[in-house]
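Residue numbers (this note's numbering), protein chains in the order written: chain A, 72 to 374; chain B, 2 to 336; chain C, 1394 to 1945.
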Amino acid sequence: MISTTAASTAQQRRGLKRFLRHRLASLSIVVIVLLVLSAIFAAQLVPFDYRQPNLLELFLPPSITHWFGSDDLGRDVLSRVLYGGRVSLLVGILAALVSTTVGTALGVISGYFGGWVDNLIMRFTDIMLSVPTLPILIVVGALLKESGTPLAEFFARFGAAKNILAIISIIVLFSWMSTARLIRAEILSLKERDFAQAALALGARAPRIMFSHLVPNALAIIIVQATLGVGRAILIESGLSFLGFGIQSPDVSWGTMLSRAQQYFLIAPWLAFFPGLMIFLTVLSFNYIGDGLRDALDPRSRA
Amino acid sequence: MFKYIVTRLLQAIPTLIAVSVLVFILINWTPGDPIDQLGLNNPNFTQEDYQRLREAYGLDKPWLERYSRWVWGVLTRFDLGFSRRYGIPAATVIFQQRLPNTLLLSGAALFIALAVAIPVGVLSATRQYSFFDYLFTFINFAGISVPVFWLGMLLIYLFSVQIPGIFPAGGLSSPEITYPAWSEAGFWSDWWRWLFDRLRYLILPAITLASIQMAAWTRFMRSSMLEVMNLDYVRTARAKGLSEQRVTYKHSLRNALLPIVTLVGLAIPQVVNGAVLTETVFAWPGMGRAIVEAILNKDFPVAMAAILLSAVLIVVFNIITDLIYALVDPRISYS
Amino acid sequence: MIFVGLVYFDDEGNLKPGLATEVPNEENGRVEFLDDDNDGTVDRTRVRWTIHPEAVWQDGVPVTSADYEFTYRVNVHPLIPTSKNLAERISSFEVIDDKNFVIEYSGIYAFATQPGQTGLIQNVEAQPKHVWEPLFEAAIAAAERLDDPEAQAEVIRQKFIAAAPATSELGPVVGNGAFIFKEWQPGNFVRLKRNPQFFRNPENVADYVQEIIIRFIANTPTLQVNVINGEVNATTSPGLGLDEGVVLERFAEAAGFVVAVPPGDKWERLHLNLFDDLQVVEDLQLNDPRTRQAIAYALDRQGLVDTLFGGLVKVANSFILSGDENYNPDITIYEYNPEKARALLAELGWSAGADGILRRSSADGREIRFDLQYKTTAGNATRERIQEFFQSNLREVGINAVIDNLPSGSFFSREHFRGASEGAWTGMIQFFSTLVPVRNDGLWLNSDNNNTPTVDNGRSGRNLGGWNNEEFNTLQAQVVNTPPGEKRQELLARMQEIYAAELPIIGIYERADPYTYKDGLLNYNFSIFENSLSIEPWNWGWSQNGATDLGQ
C-alpha cells in the first residue's frame, strides 16, 4: 500500500499512452470538446437568433447564408442545432453523472454489505430492469408535468429549468441499473482482495472502506460507465422528444428538432438530417471515448 | 434442474407483482380518465353522464380496490380488462391484434441481427486489425450510436421516397393481397405473392430495429471468437496441422457461438424500447405503438396489459438465458 | 358508408334526405313549433319523419320506425353507458306506422331536423331491431339481477355492447347504407363492398366504385409518401393536418392528385384564464379586456394563415364561422399591430425591463414580470409550430410566453382542462372544437346554468376561462328560445359584437382538415357539417371506368 502512489502514476501514464493509441477515441475527444465549446459559445457563434421566425424564409435548403438551411418557421437551422446542442449535451452529461453516482452508490452498498441489503437492492434492480422503460418514461413524463401531483410541484420550484430537470430526472430513474450491477460485482471481488481485508482488519469503518478503498479501485469501471451513459442519455432524450414528450420551446434539443422535422421530411430533408447527424456524432464520440477509456484503464477487458 | 426452474419462476412472481403495482399506480396518477375523452367531443355530455359512467366503469373506487379487482380478473378469468378505445377486451387487442405483429417484427430483427453478427464477427476476428475489421468495428459503433427513429427516417427517405415502388413507407401489408385460400391451380403463386408483399413491408422496419443488436452482437461475436481462438485446444488443433479454415469453423466457431445465444435473451428490453420508436416511424401496428397510443388515450387496460406482457417477456427470457448459460457452461450449477 | 342517416349535410351545408323521403321543415308541415298555453313561447318542437319505402337493411329486412324507436329506447336506458342529455330532451317518441314516426322535443329545438338528433349517436341513428333486440333484452335481464353498477356495466358490455355483431371482428355488421362490411384487419384496414340493393345508388352502378379499402395509417409521413407514390387513392378529412396538406400540394400536380380543403368547421383558439381571484390572473390583468386585446393585436394571425398555411384557411374572428349566415361581418377585427399592442400594454402600466420583458409593480409593491403561461397538447407538430410563432410574436411586445405542453390525455383531463378556477392553467390554452352554433345549441360562453367549471359544480361546463358578461348571458337565454330567422340572427349579431369587444377567447383560425384524391376519382367530397367519412359515398367512381361527375 505504501508504494501505490508511485505505481499508480506509472499506471496512469501507461493508461494515457494506451488511450492516445486509440486514435478514434482521441479524435472523439476533439469532437466532443468542439461540440461543448460551440454549445457554450453558441450565443457568440450563431449568425441568427435561433428563436426568431422569418416568414419570408421558410424551408430554405442549405446555402452560404444558412449553412444547414432554414426550418418550418424560417429559423436558421445551424443556430438551432448549436443551441440544441446545449440542451442535449447538458441533459446527456448531467443524466449520466447522476445515474452513475446513484448506480455506484447502490452497487457499492449492495456489494459491501451483502445479505438482506444486497438482496433488497438487487431485487429492486431486477424490477427496474423488467420494466419496459420507454413507455414508463412517457407515463412519468406526463406525471411530472401535470400540475397538482407532488412531483410536479417539486419541479415547479425550479422555474424555467424545470423541464430540463424533469427530463434528466426521469432518465436517471431508469438508467442507473446496469452501473449498479457492474459495480456490485466489482466490489464483491475487490472486497476479497488484500488491501480491503487489511483495512478491515485495521478496524476501518464501513464508509471509509467503501469510499477510500473500494470506490477508487472501481473507478475505471465507473468512468467508463459514465462516458457510455452520456451517449445513452442523449439517445433516450431524443427518443422521448421524438415521441413528443421532451423539451419545450423556446428551449430546443436535437430530439425536438427531429420530431418536428418528420412532418416536412419530403420537402425539407435537411431539417431531419442535421440534428440526427449531431446526435449520431455525439453519441458515437462518447462511445469511442468510453471504449478508449476501457482499453486504457482496464487492460484485462481488451479484446 | 426442474427445481431450479421452479425456484426462478417463484422468484419472478414478486418482481411481476411489483412491476404491475408500479405501472398501475403511475398510470392512475396521471390525470384524466377515459370518460374525459368521451365527453370532449360531445357537446351534450353532462355532469350526470360523467358520474354515471365513472360508477359503471368503477373509476370512482380507490386505486387499491381497482387494482385488486384487476388482478383478480386476470388470475381467475384471464380477463385483462376492457379497452374503451377499441370497444373490445384488452386481451384481444394485445394478444390477437398487436402481439403477433410485434413478434414478427422483432423476430425478423433478431434474425437479421444474428445473420449479420455471426459471419461478420467471425471474419473480423480471423482478420483482426485488417481493413475489413476496422470497417466493421466502425459500423458497429455507428449501429449502437444512431438514433433508431432517425435511421428509420433515413431508410424511408432513401428507399421509399427516392426509389418509389420497392419498399413501402410503412404499414403492415397491402390490403389487396391477402392470404390465399387453398386451390389446386393458383395457390402457390398467390402464396409467393403474399409472402413477397409481407417481406416488402417487413424489411425496412426490421433492419431499423436490428441495427442496435446487430452492432452489439458483432462486437461480442468478434471478442468471443478471439478469446476461443487463443484457447489451448484450438492452438493444439492448429499445431496438429489442421487447416486454418477447419480450425476456425469446426473448433472455434462452435464454442464461440454458445455465449451469443444468451445475448438474445438479454436483448429483449432493448427490443421493446426500439419497437416503440420503430413502430411509430413505420406505422407498424404492433405492441410498442399500442402502448404509446394507450397511454395517450388513457386506455388503461390496454396499457397495463401491454406493459405487463413486456415485463413478463423480459423476465421469462432472463430465466431462459440463465438456463441456457447454465447448460452450456459446466462451471455454473443449477442452484 | 355502412350506415346512412335520415338526413345528411352536403358540402355546402344543405340538408338532403338520406333514408328519409324528404327533409322535414315548416313549409312541408313536418316541423311544428307548438305553443300549448298560448303564452307566446314555444313549448314543444314536433318533427314527423317518413322512412323511404325502399330503405332496407343489408340482410334484406325493411328499415322501419320500430328500428328507430328501439334504438332510442336502448339509448335512454339507464343501464346503457351513453350520454343521456339529448335523449332526455326528447319528450315523446311515437310510432305511427312502419314508415312514419314523430319525435317531440321539449321547448324550442332549432336543430331537431339535423343528423343525429333522434336521440342517438351521430349517423347511426338506427340499428336493426331484429338483430339487436334479443341481445338487448337478455343483457338487461341479466344486469338487473345484479346490484353493483360496475358488475352491471360489465354484463351489458359482454352480452350487448361488445357482443357480436357489434365488434366487427366477430360477425357481420348489419347496416343500411351503400357499402357492406366485409373484412377487418385491426390496425391495418377495413374492406367494404358495394351494396347493390341500396336505393340511392347512381344509375349504372356497375361503373362506380365497387370496393373500398379503408387503411389506417397512423404516421403522417408514411401517409404522405403513400399519397405521393399513389399507393392510396384518396385520404379522408380529418386525416391529414393542415401542414401536411400544404406539403402535399407541392407534389399534387406532378403525381396526379388533388389536395382539397373543405371550409373550416372548427375553431382553433386560445382560451384565457379570467378567474381574477387567482393572483397570477390579477397580476397580469388578464381580466381586463385591454390585456386580451393587446394579445390579439400582437399575434400575426393573418401572416400565420397566409404564409404557414398557404392561405388554405381563414383567421377566426368570431365564434361563428365566417361563411355562416349568422356571422356578423361588422365586429371589431384585431389585425396584426404590435404598436397598438404595446400602446395598450403601456396604458395598463407595463414597461419593458432590461431583458425586453414587460414589468410593472403591483398595488402591494411587488415587481411583476409578464410571464404568460401558454399550453397546448404536446406532440402535435402543427400546434407547436403555431405556438412557437406566437411565442416570438408575443416576445416582440414584451410578453414572455412560457410554453408548458401536456400530452393530450392530461391536457383534456377534467382536473386540467376545466381547472382554470384553481389555476391548473393560468395563462392561455390552445385547442379546437367544433364551431357553434352551426350544428347544435351548445353556446357555451354563458356563465350561468352551471356552465363555468369550478370545484363546486364538479368541474362541469364549457366556459373554461370563467368569462362573465350579463348582457351576453341574457341574449343567449333568448337565442335558445328563438326559432331560426331574422330575430335569432339579430341576437347572434349582438352577441358577436360583445364577444369581439371583450375577447374572452382569441380565435386563431377556422380549422379545416385537407383531404386528397387521385385525378379521375369523381364525387369524392367531404362536408364539414358531417361527422361521417364522407358525404354520398355511393356516388364515388372513376372517370376512366365510366362514372359520371354528378356535380355535388
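For glycine and all other residues, C-beta sits at the position ideal for the given N, C-alpha and C.
Could you check where the alpha helix (DSSP H) with residue i kicks off and where it finishes?
{"i": "R151/A", "result": "V148 to F184"}
{"i": "S109/A", "result": "R94 to I111"}
{"i": "W1818/C", "result": "That residue, W1818/C, is in no alpha helix (DSSP H); it is neither H nor E in DSSP."}
{"i": "F133/B", "result": "F132 to S146"}
{"i": "V1674/C", "result": "Q1672 to L1677"}
{"i": "G347/A", "result": "W341 to L368"}
{"i": "R1811/C", "result": "It is not in any alpha helix (DSSP H) - R1811/C carries neither H nor E in the DSSP assignment."}
Against chain A, does residue i count as a neighbour if the rule is that its beta carbon must be under 9 Å from one of theirs?
{"i": "V75/B", "result": "no"}
{"i": "N1773/C", "result": "yes"}
{"i": "R1621/C", "result": "Residue 1621/C is actually Ile in this sequence, not Arg. By this cut-off, I1621/C is an interface position."}
{"i": "F1644/C", "result": "yes"}
{"i": "T263/B", "result": "no"}
{"i": "T158/B", "result": "First, the amino acid is wrong: residue 158/B is Tyr here, not Thr. Chain A, which has a Cβ nearer than 9 Å to the Cβ of Y158/B, makes this yes."}
{"i": "G1696/C", "result": "yes"}
{"i": "G1634/C", "result": "yes"}
{"i": "T47/B", "result": "no"}
State yes or no: is the beta carbon of residue i nearer than 9 Å to at least one beta carbon in chain B?
{"i": "E1562/C", "result": "Caution is warranted here: a pLDDT of 45 is assigned to E1562/C, below 50, making its placement in the model unreliable, and the coordinate value is therefore given only provisionally. It does: the Cβ of E1562/C has a partner Cβ on chain B nearer than 9 Å."}
{"i": "K1492/C", "result": "no"}
{"i": "G302/A", "result": "yes"}
{"i": "Y359/A", "result": "yes"}
{"i": "T197/A", "result": "Looking at the sequence shown, residue 197/A is not Thr but Asp. Judged by the 9 Å Cβ criterion, D197/A is in contact with chain B."}
{"i": "I180/A", "result": "no"}
{"i": "K1768/C", "result": "no"}
Would you mind stating whether residue i and residue j have Cβ atoms separated by less than 9 Å?
{"i": "I1928/C", "j": "S1920/C", "result": "yes"}
{"i": "Y1720/C", "j": "Y1690/C", "result": "no"}
{"i": "V350/A", "j": "S309/A", "result": "In the sequence as presented, Val is not what sits at residue 350/A; that position holds Ile. Contact flag set, yes."}
{"i": "N1793/C", "j": "K1768/C", "result": "no"}
{"i": "A13/B", "j": "A306/B", "result": "no"}
{"i": "V1440/C", "j": "P1417/C", "result": "yes"}
{"i": "F1824/C", "j": "R1662/C", "result": "yes"}
{"i": "R1807/C", "j": "D191/B", "result": "no"}
{"i": "V277/B", "j": "L259/A", "result": "no"}
{"i": "V188/A", "j": "D322/A", "result": "no"}
{"i": "I261/B", "j": "I315/B", "result": "no"}
For residue i and chain C, any beta-carbon pair shorter than 9 Å?
{"i": "R228/A", "result": "no"}
{"i": "P176/B", "result": "yes"}
{"i": "I209/A", "result": "yes"}
{"i": "G166/B", "result": "yes"}
{"i": "G122/B", "result": "no"}
List the DSSP bridge partners of residue i.
{"i": "G1934/C", "result": "L1915/C"}
{"i": "Q1651/C", "result": "Sequence inspection shows Val at residue 1651/C; the Gln mentioned does not correspond to that position. According to DSSP, which records beta bridges pairwise, V1651/C is partnered with Y1910/C."}
{"i": "Y1767/C", "result": "I1796/C and M1821/C"}
{"i": "E1661/C", "result": "F1825/C and Y1902/C"}
{"i": "T1438/C", "result": "F1426/C and Y1498/C"}
{"i": "F1572/C", "result": "R1587/C"}
Could you give the residue range of the beta strand (DSSP E) that holds residue i?
{"i": "D120/A", "result": "Neither: D120/A is in no beta strand (DSSP E) and is coded neither H nor E."}
{"i": "Y1401/C", "result": "V1400 to F1402"}
{"i": "I18/B", "result": "Segment F3 to W30 is the alpha helix (DSSP H) holding I18/B; no beta strand (DSSP E) there."}
{"i": "F1582/C", "result": "F1582 to R1587"}
{"i": "S134/A", "result": "Unbroken run through S134/A: none, as it is neither H nor E."}
Extract the residue ranges of the alpha helix (DSSP H) inside the segment 191–248 of chain B, only unbroken runs of 4 or more that lie entirely within it. 233–240
Practice item. Write down every uninterrupted run of the alpha helix (DSSP H) in the segment 284–317 of chain A whose length is 4 residues or greater and which is fully enclosed by it, in chain order. Key: 290–313
**Completely contained alpha helix (DSSP H) runs for the segment 1467–1545 of chain C, where each covers 4 or more residues** = 1478–1482 and 1522–1537
- Item | Length-filtered (3 minimum) beta strand (DSSP E) runs lying within the segment 1879–1910 of chain C | 1898–1904
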